[in-house]
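*Asks:* Following this message is one structure expressed as structure tokens.
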Amino acid sequence: MFKRSNWLHLRIHFSYFLLPIYLFSLSISPNLSEAGLLGLFVVFHLFIYPASNAYNSFYDKDEKSIGGLKNPPPVDKGLYWLAQLFDLIGLLVAFIYFPGNYTLMAMLLAYVIASRAYSNPRIRLKKYPFTSWLIAGFFQGAWVVWLVYIGLNDFPFANVFRPHVLIPGLLASAILWGSYPMTQIYQHEEDAKRGDITLSIKLGVKGTFLFTGVFFGLASLGYVLYFNEFFSLNYGLIFLVAMSPVIIFFTQWFFKALKDESKADYSNTMRLNWISATCLGGFFLYLFLHSTNILSVVGVY
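This is the structure:
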């Protein structure tokens, strides 16, 4: 279980790409504490996300590049048990940091179940292109935003349906729904070999770029409208400026892939992920540092 190859499959560094979702959720939370911030960060980025990566690797048994691992080592049963251990530790840490918050625990458990259903051969959501796209984007986006909000504030689940909480969650999913097919674009051969007809396979290389471009544009418009309503238009404009490096790289890569589809490869996908996570994370950190006083003034809590 504790072999080096198994630890590599946890891909803890890959959690960086989901860090912006966590940072965004902080900007809608009125009750913040250092313990709570640290606790949920550790739960997700050091345990729950890596457990999901390991569980997925165990059942996929990829021989070619996967997210965060260019050359994945062979897997064995120890990886399965390591995934179980990390999920268990993540839930225990949440229980210690947030005792009595049973809504948080139930939401965490629902996330774990959904992530396992994605890979487990008995359910294998991954082989259903639109279902997997919808569920993965929802749970890694909206569900995490709402979960962090519930965890940090100890509010009832019904608060999720308040506009200033509901809309950010859906916007977080919108970004992921747009980028999700791009994370599959270099894995067509490997996924098809297992019988997983992903959304990116359905769309093709050109279709994947077009789908992501259109969806990202719509999501960006949604963010600008959200910031204009709950913060100010300036935040929307800053968001667009922050995302400009992503747009530039994506556009350049698209034209290269149009001429040569082999450019839709692992290296370029990881570059896009890194640029996107850094730009989004930087903006959402900025938003978090400026958000509490603004939202208190407009009275959305």
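Numbering (my numbering), first residue to last: 6 to 306. The beta-carbon is built from N, C-alpha and C at its ideal position, and this holds for glycine as well. Predicted, not measured: the structure shown is a model, and the values here were computed from it.
(1) When you compare only the Cα positions, how much space is there between residue 251 and residue 281?
(2) Keeping to the same chain, check which residues put their C-beta closer than 7 Å to that of residue 310; ignore five residues upstream and five downstream.
(3) If you draw a straight line from the alpha carbon of residue 75 to that of residue 29, how long is it in whole angstroms?
(4) What first and last residue would you give for the alpha helix (DSSP H) that runs through residue 157?
(5) Straight-line CA distance for residue 11 to residue 86?
(6) Over the uninterrupted alpha helix (DSSP H) stretch that includes residue 22, give me the two end residues.
(7) Only counting the same chain, and skipping five residues up and downstream in sequence, which positions put a Cβ closer than 7 Å to that of residue 170?
(8) Could you give the distance in angstroms between the alpha-carbon of residue 180 and the alpha-carbon of residue 285?
(9) Going straight from the alpha carbon of residue 267 to that of residue 129, what length do you get?
(10) Buried or exposed: residue 159, going by 16 or more other Cβ atoms within 10 Å of its Cβ?
(11) Grab me the residues of residue 112's own chain with a C-beta within less than 6 Å of its C-beta, minus the 5 sequence neighbours each way, in chain order.
(12) Expressed to the nearest angstrom, what Euclidean distance is found between the alpha-carbon atoms of residue 328 and residue 140?
(13) For residue 265, count neighbouring C-beta atoms within 10 Å of its own C-beta (all shown protein chains included) and say buried if the count is 16 or more, exposed if not.
(14) Whole alpha helix (DSSP H) runs in the region 156–239 with 4 or more residues, listed along the chain?
(15) Is the beta carbon of residue 49 closer than 8 Å to that of residue 278?
(16) Applying the 10 Å Cβ sphere with the 16-neighbour rule, what's the burial state of residue 256?
(17) For residue 198, is the classification buried or exposed, using 16 other Cβ atoms within 10 angstroms of its Cβ as the cut-off for buried?
(18) So is residue 287 buried or exposed if we call it buried at 16+ other beta carbons inside 10 Å?
(19) Looking at the strands, I want to know which residues DSSP matches up with residue 74.
(20) Can you have a look at residue 210 and say buried or exposed, based on whether 16 or more other CB atoms are within 10 angstroms of its CB?
(21) Check residue 270 in the structure and name its three-state DSSP category.
(22) State the start and end residues of the unbroken alpha helix (DSSP H) segment that holds residue 14.
(23) Establish whether the CB of residue 217 and some CB of chain B are separated by less than 8 Å.
(24) Less than 6 Å between C-beta atoms, sequence neighbours within five positions excluded: which residues of the same chain meet that for residue 143?
(25) By the 10 Å Cβ neighbour count, where 16 or more other Cβ atoms means buried, how is residue 104 classified, buried or exposed?
(26) Taking only the alpha-carbon atoms, compute the straight-line gap between residue 98 and residue 42 and give it to the nearest angstrom.
(27) Rounding to the nearest angstrom, what Cα-Cα distance links residue 293 and residue 31 in this structure?
(28) Can you find the residues in the same chain that come closer than 6 Å, C-beta to C-beta, to residue 203, ignoring five residues on each side of it along the sequence?
(29) Taking the straight line between their C-alpha atoms, what separation do you get for residue 193 and residue 263?
(30) Cα separation between residue 215 and residue 289?
*Replies:* Put simply:
(1) The residue given as residue 251 occupies position 246 in the sequence shown. The residue given as residue 281 occupies position 276 in the sequence shown. Looking at the two C-alpha atoms, the distance is approximately 6 Å.
(2) Beyond the ends of the chain as shown, which are 6 and 306, falls residue 310; an answer cannot be given.
(3) One-based indexing of the sequence shown puts residue 75 at position 70. One-based indexing of the sequence shown puts residue 29 at position 24. Each residue's alpha carbon lies about 29 Å from the other.
(4) Sequence index remark: in the sequence shown, residue 157 carries index 152 (1-based). First-last of the alpha helix (DSSP H) with residue 157: 149–158.
(5) To locate residue 11, count along the sequence shown from 1; it is residue 6. To locate residue 86, count along the sequence shown from 1; it is residue 81. So the alpha carbons of these two residues sit roughly 10 Å apart.
(6) On the sequence shown, position 17 is the one that residue 22 refers to. Neither: residue 22 is in no alpha helix (DSSP H) and is coded neither H nor E.
(7) Mapped onto the sequence shown, residue 170 falls at position 165. If we look at residue 170 and ignore the five residues flanking it on each side, its Cβ neighbours are 33, 151, 154 and 164.
(8) As a position in the sequence shown, residue 180 is number 175, starting the count at 1. As a position in the sequence shown, residue 285 is number 280, starting the count at 1. Rounded to whole angstroms, residue 180 to residue 285 spans 10 Å at the Cα level.
(9) The sequence position of residue 267 within the sequence shown is 262, counting from 1. The sequence position of residue 129 within the sequence shown is 124, counting from 1. The alpha-carbon atoms of residue 267 and residue 129 are separated by roughly 28 Å.
(10) Looking up residue 159 in the sequence shown gives position 154. Classification for residue 159: exposed.
(11) To locate residue 112, count along the sequence shown from 1; it is residue 107. So the list reads 152, once near-sequence residues are dropped.
(12) This structure does not reach residue 328, given that the chain is present from 6 up to 306, and the question cannot be answered.
(13) Position 260 of the sequence shown, counting from 1, holds the residue named residue 265. Classification of residue 265: exposed, given that the 10 Å Cβ count is below 16.
(14) You should have 168–184, 193–199 and 204–235.
(15) In the sequence shown, the residue the question calls residue 278 occupies position 273. In the sequence shown, the residue the question calls residue 49 occupies position 44. Taking 8 Å as the Cβ cut-off, residue 278 and residue 49 do not qualify as a contacting pair.
(16) If you number the sequence shown from 1, residue 256 lands on position 251. With fewer than 16 other Cβ atoms within 10 Å, it is exposed.
(17) Looking up residue 198 in the sequence shown gives position 193. The residue is exposed, with fewer than 16 neighbouring Cβ atoms inside 10 Å.
(18) Residue 287 sits at position 282 when you count from the first residue of the sequence shown. When all chains shown are included, residue 287 counts as exposed.
(19) What you label residue 74 is simply residue 69 of the sequence shown in a count that begins at 1. Beta-bridge pairing links residue 74 to 71.
(20) For this step, residue 210 is matched to residue 205 along the sequence shown. Around the C-beta of residue 210, 16 or more other C-beta atoms lie within 10 Å, and the residue is accordingly described as buried.
(21) If you number the sequence shown from 1, residue 270 lands on position 265. Looking at residue 270 - three-state DSSP - the assignment turns out to be coil, as it is neither helix nor strand.
(22) Residue mapping note: residue 14 aligns to position 9 of the sequence shown, counting from 1. Looking at the DSSP string, the run of the alpha helix (DSSP H) that includes residue 14 is 9–15.
(23) The chain inventory of the structure shown lacks chain B, comprising one protein chain alone.
(24) Your numbering for residue 143 matches position 138 in the sequence shown. Correct list, in chain order: 178.
(25) Residue numbering aside, residue 104 sits at position 99 when the sequence shown is read from its first letter. So residue 104 ends up on the exposed side.
(26) Locating residue 98 in the sequence shown gives position 93, counting from the first residue. Locating residue 42 in the sequence shown gives position 37, counting from the first residue. When rounded, the distance between both Cα atoms is 13 Å.
(27) Translated into the one-based positions of the sequence shown, residue 293 becomes position 288. Translated into the one-based positions of the sequence shown, residue 31 becomes position 26. The straight-line gap from Cα to Cα measures roughly 6 Å.
(28) Locating residue 203 in the sequence shown gives position 198, where the first residue counts as 1. 134, 189 and 196, listed in sequence order.
(29) Looking up residue 193 in the sequence shown gives position 188. Looking up residue 263 in the sequence shown gives position 258. Their backbone Cα atoms lie some 17 Å apart in a straight line.
(30) As a position in the sequence shown, residue 215 is number 210, starting the count at 1. As a position in the sequence shown, residue 289 is number 284, starting the count at 1. Residue 215 and residue 289: Cα-Cα distance of roughly 26 Å.
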